[in-house]
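For the sequence shown, the numbering used here assigns the number 137 to the initial residue and increments by one for each residue that follows.
Quick reminder that beta carbons are idealized off the backbone N, C-alpha and C, glycines included.
Below: the structure, in structure tokens.
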Amino acid sequence: MGEKFYCVKCKEKNVTSDVKEVKTYTVKGKKKYALKGKHDKCGTKLTKFCNEATANKYK
137 MGEKFYCVKC KEKNVTSDVK EVKTYTVKGK KKYALKGKHD KCGTKLTKFC NEATANKYK
């Protein structure tokens with residue numbers, strides 16, 4: 137199951153990648169979630185911020 141990312145290196149939208157890991161950050165006392173993936177074409181690491189429900193889907 138993949139998630140859509142934006143590749144900053146290729147400027148390509150809707151890059152589908154498997155979610156490699158889910159990161160949890162705390163910003164100003166609130167939890168923020170990010171999905172991490174990898175662009176197979178150029179090898180760039182992809183990051184996408186998301187809500188808690190989406191993060192829990194990949195944990």
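query                                                                                                                                : result
Quick one: Cα of K156 to Cα of L171, how far?                                                                                        : 8 angstroms
Just curious, the alpha helix (DSSP H) that T190 is in, first and last residue?                                                      : E188 to Y194
My parser needs the beta strand (DSSP E) runs of 3 or more residues fully inside the stretch 151 to 177; what are they?              : 157 to 163 and 166 to 174
Taking the alpha carbon of C146 as the point to measure from, which residue in G179, T190 and A189 has its own alpha carbon closest? : G179
Can you tell me where the beta strand (DSSP E) holding G179 begins and where it ends?                                                : Unbroken run through G179: none, as it is neither H nor E.
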